[in-house]
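Numbered by full-length UniProt numbering, the letters in the sequence shown go through residues 1 to 433 in order. Structure, as structure tokens:
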Amino acid sequence: MLRFPIASPAGAYGWRPVLIMAALFFSIGFVTWLNGPLITFVQIAFNLSDVASFLVPVCFYLAYLVFPLPATLLARQIGLQRGLVVALAIMAAGTLLFGECVNGRWYAGALSGLSVIGAGLSLLQITVNPYVSLLGDHDRAAQRIAIMGIANKFAGIVAPVLFALIVMPDVGQVVANISNTPAGPVRDAVLTQFTHAVHVPYQVMAGLLVLLAILVARAPLPEITLDAEGPQDATTRKAKPGWLITGVFAMFLYVGVEVMAGDAIGLFGHAFGLSLDITKYLTALTLASMMLGYLAGMLIVPRFISQDAYMLTCCVLGILICLVALVAPGLIPVFCVALLGFANAMILPALFPIVLAEAGSDGAKATAFLVMAYSGGAVLPQIFVHIAPILGNLHAFMALVIPAYLFIAVWAFALRAKTGASAPKSLITSVGD
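Quick look at the structure:
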């Protein structure tokens, strides 16, 4: 096989595997960030309360709690490339199941479809993250992270916009028709037409995931094993359980904050009087902000500031944005929530390798625990919808997000003070939560 110079960001295996991995990260972002508009969609389609509609992220992200350890064992048995193929096939099955159940107006079945998608994503995260890291020299890993992050966040912008345009083009009128129509056949016909709009798009998405699985299966990708994770000095260090456990909890909080800013912003904006025709685009606004944060991080880190120091800066920025939202008038708090995407962008790429460094020789197991921590995306939004009627949407949101930023910042600062050095080089990438 023709090999490129090690100095290439693509690594020794050339650009083909990097571009295929970027396509996988695009698929992760596309499926994940549909949850924001999906919350609004199911709330209308199934006449749900806020709490019931937020079962969407619960079922989706709880899969990350259940499946990473079995996914790690499977990936070790069948290899990373076959693991990628199986993950895509599972995601396609879940996507097809979700579309069919929504079309049949069966909410429990639709939630099951989301859980299946989450199971596939768990396996995909376990396999694609170390694969990207190990494609080339670790000194160039940050550039590959940037490529994956841009693909993921671009998908996060495109997915909600396409969903809003194709599935919910006149959602305001649909809600008005439902409100003005008494229960009966006519109202059922309106809801059936509304839910049917999701059927074909999800069939197409399932087909594209199958095609991507076939592409990955047939692609001449280099054979890389999980046993190759990380540089040799990382695999001989003894694990530090205290820092590892608290670091995994920091990841749990971070993913919860990220999902709050991306998925809960629709409900947040609606509480400020924005119509559903506007709130259906707010997830895309958060993801656009996040993508800008990623591009800024690419330019700044490590040229002007180390990655761990920039992570601390991002946490402080997130807290400042939240404080502005608490005192700002009008619709400014909604835009502040969208701006949290900018602050969030570079936290995970720094937090993941720092935690892995503390795991020492237990890097593979730590990877599974870190992916399990993505279940924070299920817990924090569900707490939010339960306390929002008591505290109000604004104060409930900030009561969860500000302490989360504080914990991550204090943890990183304490670890930095303990080691007396900047964060270690990335051992495994993860930008597709």
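Each residue gets a CB set at the ideal place from its N, CA and C atoms; glycine is no exception. It should be emphasised that the depicted structure is a prediction, and the values quoted were computed from it without experimental measurement.
Out of curiosity, what's the CA-to-CA distance linking ASP50 and VAL385?
-> What you label residue 50 is simply residue 50 of the sequence shown in a count that begins at 1. What you label residue 385 is simply residue 385 of the sequence shown in a count that begins at 1. Their Cα atoms are separated by approximately 6 Å.
Reduced DSSP secondary structure (H/G/I, E/B, other) of residue 458 = Because residue 458 is not part of the residues shown, which for the chain are 1 to 433, the question remains open.
What are the boundary residues of the alpha helix (DSSP H) that includes ASN103?
-> Working through the sequence shown from its first residue, we reach residue 103 at position 103. Its alpha helix (DSSP H) spans residues 80-103.
Kindly indicate which three-state DSSP category VAL301 falls into: helix, strand or coil?
-> To locate residue 301, count along the sequence shown from 1; it is residue 301. Coil, per DSSP.
Alpha carbon to alpha carbon, what distance is there between MET168 and LEU276?
-> For the purposes of this step, residue 276 is identified with residue 276 of the sequence shown, where counting begins at 1. For the purposes of this step, residue 168 is identified with residue 168 of the sequence shown, where counting begins at 1. Taking the straight line from one Cα to the other gives about 9 Å.
Under three-state DSSP, which class holds THR181?
-> By one-based count along the sequence shown, residue 181 stands at place 181. THR181 falls in the coil class under three-state DSSP.
Best match in ASN35, LEU312 and LEU380 for proximity to ALA417 [C-alpha to C-alpha] | Start at 1 with the first residue of the sequence shown, and residue 417 comes out as number 417. Among ASN35, LEU312 and LEU380, the Cα nearest to that of ALA417 is on LEU312.
State the start and end residues of the unbroken alpha helix (DSSP H) segment that holds ALA343.
-> As a position in the sequence shown, residue 343 is number 343, starting the count at 1. Taken as a continuous stretch (DSSP letters only), the alpha helix (DSSP H) holding ALA343 covers 332-344.
ALA378 and PRO57: beta carbons closer than 7 Å?
-> On the sequence shown, position 378 is the one that residue 378 refers to. On the sequence shown, position 57 is the one that residue 57 refers to. Contact flag set, yes.
Could you give the DSSP three-state label for SER49: helix, strand or coil?
-> If you number the sequence shown from 1, residue 49 lands on position 49. Coil at SER49, not helix or strand.
Report all residues from its chain with a CB closer than 7 Å to the CB of PHE163; omit the five preceding and five following residues, and keep chain order.
-> What you label residue 163 is simply residue 163 of the sequence shown in a count that begins at 1. Within the same chain, PHE163 has close Cβ partners LEU34 and PRO37.
Distance, ARG16 Cα to ARG3 Cα = Reading the sequence shown from its first residue, position 3 is the one you call residue 3. Reading the sequence shown from its first residue, position 16 is the one you call residue 16. Since pLDDT at ARG3 reaches only 45, below the 50 mark, its modelled position is unreliable, and no value is offered.
Assuming ILE408 contacts ALA176 (C-beta within less than 8 Å), just tell me the rounded distance between them.
-> To locate residue 408, count along the sequence shown from 1; it is residue 408. To locate residue 176, count along the sequence shown from 1; it is residue 176. Contact doesn't hold; Cβ gap of about 43 Å is too wide.
Give the secondary structure of TYR254 by DSSP, where H, G and I count as helix, E and B as strand, and everything else as coil.
-> Counted from its first residue, the sequence shown places residue 254 at position 254. DSSP places TYR254 in helix when its eight states are reduced to three.
6 Å Cβ shell around GLY392 - same chain, five flanking residues per side excluded | To locate residue 392, count along the sequence shown from 1; it is residue 392. If we look at GLY392 and ignore the five residues flanking it on each side, it has no Cβ neighbours.
Touch test, the region 97-108 against the region 193-209, Cβ-Cβ under 8 Å, three pairs minimum = yes
Between which two residues does the alpha helix (DSSP H) harbouring ASP277 extend?
-> Locating residue 277 in the sequence shown gives position 277, where the first residue counts as 1. Unbroken alpha helix (DSSP H) run through ASP277: 276-279.
Kindly indicate which three-state DSSP category TYR13 falls into: helix, strand or coil?
-> Here residue 13 corresponds to residue number 13 of the sequence shown, with the count starting at 1. Looking at TYR13 - three-state DSSP - the assignment turns out to be coil, as it is neither helix nor strand.
Determine the closest residue to LEU80 out of THR279, LEU211, ILE278 and LEU221, with distance taken between C-alpha atoms.
-> Taking the sequence shown and counting its residues from 1, one reaches residue 80 at position 80. Among THR279, LEU211, ILE278 and LEU221, the Cα nearest to that of LEU80 belongs to LEU221.
GLU358 in three-state terms, based on DSSP | On the sequence shown, position 358 is the one that residue 358 refers to. If DSSP states are grouped into helix, strand and coil, GLU358 belongs with the helices.
Note down, in chain order, each residue of its chain lying with its Cβ closer than 6 Å to the Cβ of PHE369, except the 5 sequence neighbours on either side.
-> In the sequence shown, the residue the question calls residue 369 occupies position 369. Around PHE369: VAL248.
If you drop the 5 nearest sequence neighbours on each side, which residues of the same chain put their C-beta closer than 7 Å to that of ASP263?
-> Translated into the one-based positions of the sequence shown, residue 263 becomes position 263. The residues are ASN35, GLY36, ILE39, PRO57, THR283 and PRO381.
Check whether the Cβ atoms of LEU244 and GLU358 lie closer than 7 Å to each other.
-> Your numbering for residue 244 matches position 244 in the sequence shown. Your numbering for residue 358 matches position 358 in the sequence shown. The answer is yes: Cβ separation under 7 Å.
With distances taken from CA atoms, which of ALA412, LYS280, LEU285 and ALA328 is nearest PHE41?
-> Stepping through the sequence shown from its first residue, residue 41 is reached at position 41. If we check each option's Cα against that of PHE41, LYS280 comes out closest.
By a C-beta neighbour count over all protein chains shown, 10 Å radius and 16 as the cutoff for buried, is ALA108 buried or exposed?
-> Against the sequence shown, residue 108 aligns to sequence position 108. Label assigned to ALA108: exposed.
Closest to PHE25 by CA distance: which of GLN77, LEU285 and ILE150 is it?
-> To locate residue 25, count along the sequence shown from 1; it is residue 25. The residue with the shortest Cα to Cα distance from PHE25 is ILE150.
Which residues bound the alpha helix (DSSP H) around ALA309?
-> Sequence index remark: in the sequence shown, residue 309 carries index 309 (1-based). Start and end: 307-327.
Rounded straight-line distance, which links the Cα of ALA345 to that of TYR294 = Here the question's residue 294 lines up with position 294 in the sequence shown. Here the question's residue 345 lines up with position 345 in the sequence shown. Distance between the alpha carbons of TYR294 and ALA345 is about 5 Å.
Proximity to ALA373 [Cα-Cα], best of ILE383, LEU351, PRO389 and LEU394 | In the sequence shown, the residue the question calls residue 373 occupies position 373. Considering only alpha carbons, the answer is LEU351.
Out of LEU348, VAL161 and HIS199, which has the shortest C-alpha to C-alpha gap to TYR405?
-> Position 405 of the sequence shown, counted from the start, is the residue given in the question as residue 405. Checked all of LEU348, VAL161 and HIS199; the closest Cα to TYR405 is LEU348.
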